[in-house]
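Report on one structure; see the data block that follows.
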């Protein structure tokens, strides 16, 4: 069976066509990201834990980026990332850690675990759109602040 998921490595991903899955248990953080993505013309979906992210993502027509908090209930971002990387449909999807645990050590751990980028919280609403544009164009973004 052919997957509907597109390979996100194409530099031609249009922002208006992009779909981003935000995995975040804090409603305020999700609302901020969803609004900023919405202003950019990007559609976002939301899960509150890493649990069942692969199953949920597989229901989407396409998925260009997963923004994932590391500290999540039930299943943390590292465990969810391992499941995503083992999924044939999602293994090439960009997954960026978005966390309040913003330190050089946590960023190093995220890089070693296989995340494609790192954004420290609190997110900067002035910088976030550019960070997302860069990520969607294939540029690795690793920023604590």
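In the working numbering, the protein residues as written are 21 to 165.
Note that beta-carbon positions come from the ideal geometry of N, C-alpha and C, so glycine has one too.
Query, Result
"Residue range of the beta strand (DSSP E) that residue 41 falls in?", "39 to 43"
"Run through DSSP, which three-state label would residue 137 get?", "strand"
"Quick one: residues in its chain with C-beta nearer than 8 Å to the C-beta of residue 16, no 5 flanking neighbours on either side, listed in chain order?", "Here the chain has residues from 21 to 165 only, and residue 16 is not among them."
"Ends of the beta strand (DSSP E) at residue 64?", "63 to 67"
"Sorted by chain position, which residues of the same chain lie with C-beta nearer than 7 Å to residue 155's C-beta, five sequence neighbours on each side aside?", "85, 114, 116, 137 and 161"
"Is it right to say residue 61 is buried, meaning 16 or more other beta carbons lie within 10 angstroms of its own, or is it exposed?", "exposed"
"Please tell me whether, using a cut-off of 7 Å, the distance from the CB of residue 140 to the nearest non-hydrogen atom of the ligand HEM is below it.", "This structure lacks the ligand HEM, and indeed carries no ligand of any kind."
"Alpha carbons only, please: which of 70, 153 and 44 is nearest the one belonging to residue 118?", "44"
"At the level of alpha carbons, what is the spacing between residue 147 and residue 165?", "10 Å"
"Give the range of the alpha helix (DSSP H) segment to which residue 155 is assigned.", "148 to 156"
"Going along the chain, which residues of its own chain have a beta-carbon closer than 6 Å to the beta-carbon of residue 64, five neighbours each way excluded?", "40, 42, 54 and 57"
"Answer with yes or no whether the minimum CB distance from residue 85 to chain D is below 8 Å.", "In the structure shown, chain D cannot be found, because there is only a single protein chain."
"Buried or exposed: where does residue 67 fall if 16 or more other Cβ atoms within 10 Å of its Cβ makes it buried?", "buried"
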